[in-house]
Amino acid sequence: MVLTFSGYSPREVYEVKCRELKCKKNSALYNFLSDAPDAFKSITTIDVSKNFVGPRGVLPLLEVVRFCENLHTLDLRQQELDKNAIDVLCLAVKGHARLVHLNLSANPLDMSACAALLELARVNSAIRHISLDGSAIRPSMMQAIEAQLERNRATKTSASERAALIAQSQDNRLSSGGFDSTDMEKLSTVEAQSQGTDSPSSTSKARCRSGTCGVFRGLPASVRSYDIKALLATFSHSVHDDLFDENPINDIAEMCVRCQECFHDENFSMDIVHRKRGQIDRDTLSWRRVEKLFPSATLFPDEDEDELILPSECFSSFSWIFICVGASFKSLGSLRQSLQCGPDINCNVYSLRVHVDGKWRYVIVDGYLPVNDRDELIFTKPVRGKYFWPCILEKALAKLNGSYSALYMDVLMDSVSHSPFLKSEAGSPKGQTVSLLKTISLSGGTNVSSIRRTSCSRTLQDLSGGVGITRFFHGRESKSDELWSVLVDVFRTGAMMIAIAECNDILPGIEPLHAYRVDYVQQIGCIKLIKIHSPWAQEQWKGDWSEDSVMWQSHQEVSMMLRKKRTNCDYHGFWISYVDFLKCFGQLHTCHVFDGFAQRIFEHQWDSKTAGGPCHEHLWHLNPHFKVEPCEATPFFINLSLPDARFSSTYVGALGLHVFNSRNYPLRAAGNDKDCIIATNYVETDSISVEGHFHKGGKYWVIPSSDTIGITGKFILRIFVCTPFTLSTASMDKYWYMKTFADELKRSGEYRSGDDNAQVLLRFCPGGMLGDEGTRGTLVVRATTAECPRLALGMFLLRASMTNGQRRRIIGTLDDNSIVASSTLAMGNEVCIETEVSADEAYTLVTCVHPVGSHAKLEYTLWSSLPLLEHSVIPLWKGQSVTVSWLEGSGSFYDVANNPQVEICPHRQFDTFVISMRIESCSARDPAIVFFVVENDDNKGECMQGKIAAGRVVLRSQYVQHHTVQCELRVTHQTDSLLVIPCLQPTGSVGTCTLTVSTESGEFSLKMLSK
């Protein structure tokens, strides 16, 4: 199912789905849909009741419906919808927050379809009307659906009544100067009914009548908290109570104007603003409205002024905030879009837009700021004493992170240094962001559980909507070349960069625990320079490449090339060598903002069925697979992250990310270097990123995974590309036929031979619906064993051998000419092969377990793009063995004297025998072995005398200097006796061998003959 069509118009989405589902386009519907890119929000009503599209033709339309987030009415009358269409419909609209009317009249709906509609009404409470006239649904089912819709309508009505009562009570209070307890009771009753509870108890009513509710009169200049809470309850906040998915500032301001009072934020008050001992007097902290402190000040300058001027009087430990602000916002206009004030400044309500968990959300604060006993702001002062946006932004970030104390630089450094996800950047995948959820203790010894740990990169991401990355340089001088390449690459991309100075062992002129913005990264010859900047640093750099350094005169070529950049350098910026930079700075916080890129964000989760674990595990293929198909060649950037650790916890540990370019659904990462274009290490982090280049016509797969099989946890996938693309989740069933079966190997045979090794016969059907419309497809086979990990496994796929048109077990050494694919023999409990197969041929799969004689229970998993017609375990041949000895020394070649004789008596004609000889012990250092099979008709049970007659020899094995030799004998005529004469060389050797004879039927006898 396609999840997103970045840059596509509704008409194009409809056209693509018609082509994908092989449906004919409906011309009227095609012309109705807009051809403007991403113009889904303008569609509020879709009515096809007068235009028959049918149960199949409606499926492409429902794909368009999924993206129409403002859709209010959907009319699908008289479309002959079946159960499949209803299922797709329910899936498409179950998350629609604005869909109210759904008309399915005059459709032949059965009981299963009705059950799906009932579940839809339960899941999506926004749907309040489902028309089912003429659908032949049972009355009982109609009543159940209608009852659920009535509950949906009641919920909406309760919210409307509550809003009306709030407005009425406010009007009454304005006119009477007091609050009517009757209104309060009504409001409580409506709220209780909306929550499915009874009306307030008599105790609650008595509390209202006694004046407890009158506490709101204690804040004559503020809107009552009950009214604010009732209003904000109508806004969704899916991440945290302090983060709203939509901006409620205008609604709050409207209430303030109605009440003629200002907004007071009780969710962020004095008791949760933690003071640091030695910096702020705990007894003198209080709150004052900013308008009272600066009566003539405004939030921003006039609209015609667009230059962003940062505050000069900045609280020293908060200067990093405004370094981030200066990097995130290039102009005052862009800052105005993020930090907003209510329509009337007297309403005292402000909002800050932040990007959390892949979406823009809003933090609401009032204009009360902490002051000391002299009514002076404790933290940052307004710009030039006239524009107080820094004060409001600072407070909004404090609320976002739980406290003003969360913004202290030493707390930030402590957050990063004690993070459970801390890893050095070297050797880690690109895109490491530190998780920041942990309760800390302030210097005063108070344990502050409300603090949410943040960082510069996290704040850059909050403000800009980009992808924040934290890298650690301290102690990595040995990797300086690698780190320099990182700096150069990041600078070339235009990403924001902020360096944090260490607290110890830094050079004079660099302020400890201070943030500097990185403006330039430049290499001229062998000289590597970095320009950094901070208006709030108290110390001035006097080392190499400072403004007055003699290095500029010593390296005139550098001075000439950087003259313009030095001339344009502001007073607070300076150049520093890369060597000194590494000595002073331990962290680099970056944030990539992808202007001009199409972005798609997908929220998903791992669970017991979809968490396949890391790439080396055999269940890796269960991890979610996302298919990306770009229209043109394009660079890409992919970020995998966990939900923001400031607001949610997770059990997910290390993350990994793989990107493949493959026609088929990737089943394995290990050993698939041909298709894998990106493979990260597994790193304990909450964010990991990769970048590269997509080619036109490629079919790319993005597979996120964790290091634990079966882990449960959410993740967010963000994909940035420059061209329109489709992003879809993929089900393995649409690409592969899958089979699983088991086999037990009692005693394994020689490696690279048939004999006692496990064998499976495979045959396929041509023209499978998952493969090409032909006879060739792809086969992937994995065999695992739970036996001792000291075993080694190897696998071979061969064209099946034939005997008289019958496929049979492979005996003896595997024929190189018949091998289609093979794995290496490797230690471990898993082996895998992948190859192309043909439906016109049959194949034998041979699995070898080493060492020889091992016992193993094998679990097979087969994936094929062609239907698997047959898979059958080929049973072992039945064999008998005898031990032959040369106690007095072996005889000569072609002489039966001093050589043992073994008789084979076949019980059926045209049988095939496999005869093998194996040395058990021998007195010679490098022995050789050979055996003969001779006719012995009419002499059954009698030994041969003299030399071996050449005319009676029916088979002679190879003469090998090896511990084993094997031959295959096909008996083509009836015989009652065959003699096997083994020879151990050199002549006179003393030793013992095992002679084994096997046939498929087992119908023969074997015995030693006595001379």
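Start counting the sequence shown at -12; every next residue gets the next number (my numbering).
Think of the CB as a built atom: it goes at the ideal place given N, C-alpha and C, for glycine as much as any other residue.
Keep in mind the model is a prediction, meaning the values are calculated, not measured.
Query: Once you ignore the five residues that flank residue 940 on each side, which residues in its own chain have a CB closer than 6 Å to its CB?; Result: 919 and 921
Query: Please classify residue 55 as buried or exposed, where buried requires at least 16 other C-beta atoms within 10 Å of its C-beta.; Result: buried
Query: So which of 628, 132 and 987 has the shortest CA-CA distance to residue 896?; Result: 987
Query: Entirely within the region 485 to 566 and at least 4 residues each: give me those alpha helix (DSSP H) ranges in chain order.; Result: 538 to 541, 543 to 548 and 550 to 554
Query: For residue 578, report the span of its beta strand (DSSP E) as first-last.; Result: 572 to 579
Query: Out of 243, 933 and 826, which one is the CA nearest neighbour of residue 878?; Result: 933
Query: Counting C-beta neighbours from all protein chains within 10 Å, is the total for residue 83 16 or more, i.e. buried, or is it exposed?; Result: buried
Query: Is the beta carbon of residue 708 sitting closer than 7 Å to the one on residue 617?; Result: yes
Query: Which residues in the same chain have their Cβ closer than 8 Å to the Cβ of residue 947, if we skip the five residues on either side of it in sequence?; Result: 915, 916 and 917
Query: If we cut at 7 Å on Cβ distances, does residue 327 have a partner in chain B?; Result: Of the protein chains in this structure there is only one, and it is not chain B.
Query: On a Cα-Cα basis, can you pick out the residue from 223, 840, 782 and 698 that is closest to residue 737?; Result: 840
Query: Do you know whose CA, among 641, 581, 91 and 26, lies nearest residue 483's CA?; Result: 581
Query: Thinking C-alpha only, which one of 691, 677, 529 and 517 is nearest residue 593?; Result: 691
Query: Going by C-alpha to C-alpha distance, which of 326, 23 and 33 sits closest to residue 16?; Result: 33
Query: Quick one, are the C-beta atoms of residue 490 and residue 576 less than 7 Å apart?; Result: no
Query: Taking the continuous alpha helix (DSSP H) assigned at residue 245, which residues delimit it?; Result: 236 to 246
Query: CA-CA distance, residue 927 and residue 875?; Result: 26 Å
Query: Looking only at its chain, what residues have a beta carbon closer than 8 Å to the beta carbon of residue -4, apart from the 5 residues adjacent to it on each side?; Result: 20, 21, 22, 23, 24, 25 and 26
Query: With a CB to CB cut of under 6 Å and the five nearest residues on each side skipped, what residues in its chain are close to residue 835?; Result: 738, 744 and 781
Query: Report the rounded CA-to-CA distance for residue 227 versus residue 234, giving the unit in angstroms.; Result: 14 Å
Query: How is residue 37 classed by DSSP in three states: helix, strand or coil?; Result: coil
Query: If contact is defined by three or more beta carbon pairs under 8 Å, each pair taking one atom from either stretch, is the region 641 to 661 in contact with the region 717 to 731?; Result: yes
Query: How far does the beta strand (DSSP E) with residue 109 in it extend, from its first residue to its last?; Result: Per DSSP, residue 109 belongs to no beta strand (DSSP E); it is in the alpha helix (DSSP H), 98 to 110.
Query: Looking at C-alpha atoms only, which residue of 586, 591 and 634 is the closest neighbour of residue 621?; Result: 586
Query: Going by alpha carbons, who is nearest to residue 278 out of 891, 255 and 374?; Result: 374
Query: Between residue 822 and residue 849, how many whole angstroms is the CB-CB distance? I'm expecting something under 8 Å.; Result: Contact doesn't hold; Cβ gap of about 12 Å is too wide.
Query: How would you label residue 31, buried or exposed, when you count the other beta carbons within 10 angstroms and need 16 or more for buried?; Result: exposed
Query: Just tell me which of 486, 506, 563 and 469 has its CA closest to the CA of residue 514.; Result: 563
Query: Got a sec? Which residues, its chain only, sit under 6 Å from residue 446 by beta carbon, not counting five neighbours each side?; Result: 311
Query: DSSP has residue 835 in a bridge; who is on the other side?; Result: 781
Query: Between the beta-carbon of residue 910 and the beta-carbon of residue 976, is there less than 7 Å?; Result: yes
Query: Tell me the DSSP bridge mates of residue 376?; Result: Residue 376 is not bridged to any residue.
Query: Between the C-alpha atoms of residue 306 and residue 634, what's the straight-line distance to the nearest angstrom?; Result: 25 Å
Query: State the Cα-Cα distance for the pair residue 362 and residue 638, rounded to the nearest angstrom.; Result: 46 Å
Query: Going by beta carbon distance, what residues of the same chain come within less than 7 Å of residue 866, once the five residues before and after it are set aside?; Result: 983, 984 and 985
Query: Give me the Cα-Cα distance between residue 345 and residue 626, rounded to the nearest whole angstrom.; Result: 10 Å
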